[in-house]
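Okay, so the sequence shown: first residue is 1 according to full-length UniProt numbering, each after it adds one.
For every residue, glycine included, the Cβ atom is placed at its ideal position computed from N, Cα and C.
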Amino acid sequence: MLRFWRTQRSVTSSDALSIVEMNVHMDCEGCEKRVRKAMSRLEGVSTVEIDVDTQKVTVTGYVDRREVLRAARRTGRAAEFWPWPYDGEYYPFAIQYLEDDTYMATHKYYLHGYNAPVIGSYPNHAFTHIVDDHALAFFNEDNVHACAIM
1 MLRFWRTQRS VTSSDALSIV EMNVHMDCEG CEKRVRKAMS RLEGVSTVEI DVDTQKVTVT
61 GYVDRREVLR AARRTGRAAE FWPWPYDGEY YPFAIQYLED DTYMATHKYY LHGYNAPVIG
121 SYPNHAFTHI VDDHALAFFN EDNVHACAIM
């Protein structure tokens with residue numbers, strides 16, 4: 001017997017409940033309403049939470065995370081997956097990271113591994129401490145207790 005139809009599940013549905021966190025650039029309440037409406041129209045979405053101050057959108061439901069990102073980008077807003085896990089000890093305020101010069105948004109999430117199941121990175125700071133001040137003073141010519149090798 002031949003079958004002329006396919007029995008497959010919907011592409012947007014998922015087996016497990018997932019939480020998708022994204023960074024979506026929103027300027028005003030109209031942008032927020034547009035993003036909320038686009039997210040709530042997706043099949044399998046149960047809740048949509050939007051924090052305009054940190055520009056964070058959290059979608060909970062039985063959805064594919066790439067479909068959620070695609071729907072957010074269709075609204076005309078710049079969107080990417082939430083680039084770091086929140087860690088209170090490492091970064092107490094997420095807004096400090098958003099104002100930092102090392103933050104850079106990207107739309108090429110396939111090239112940068114954003115379609116991987118685990119996403120998270122810590123920012124690279126603009127300063128580095130390679131040599132301690134005491135080590136620098138140890139080889140200073142003005143220091144009377146300096147190394148006699150020099």
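Only exposed fits G76, as fewer than 16 other CB atoms lie within 10 angstroms of its CB. Cβ-Cβ distances below 6 angstroms link V68 to V20, V59 in the same chain, with the five nearest sequence neighbours on each side left out; the list follows chain order. Checking the DSSP bridge columns, you'll see S18 partnered with G61. Note on R74: under 16 other CB atoms within 10 angstroms of its CB, so exposed under the neighbour-count rule. Around the Cβ of L42, a 10 Å sphere holds 16 or more other Cβ atoms; the residue is buried. Here DSSP, grouped into helix, strand and coil, assigns A78 to coil. When Y62, M26, P83 are compared, the shortest CA-CA separation from V52 is found for M26. Taking C-alpha positions only, G44 is separated from Y62 by approximately 5 angstroms.
With a 10 Å radius around the Cβ and a threshold of 16 neighbouring Cβ atoms, R70 comes out exposed.
The three-state reading of DSSP puts E43 in coil, since its state is none of H, G, I, E or B.
Of the residues assessed, E80 falls on the buried side of the cut-off, its CB having 16 or more other CB atoms within 10 angstroms. Between A72 and A38, the CB-CB gap stays under 8 angstroms. When the alpha-carbon of S18 is set against those of R65, W82, D142, the nearest one is in R65. If you ignore the 5 residues before and after S40, its C-beta comes within less than 6 angstroms of the C-beta of V48, all in its own chain and listed in chain order.
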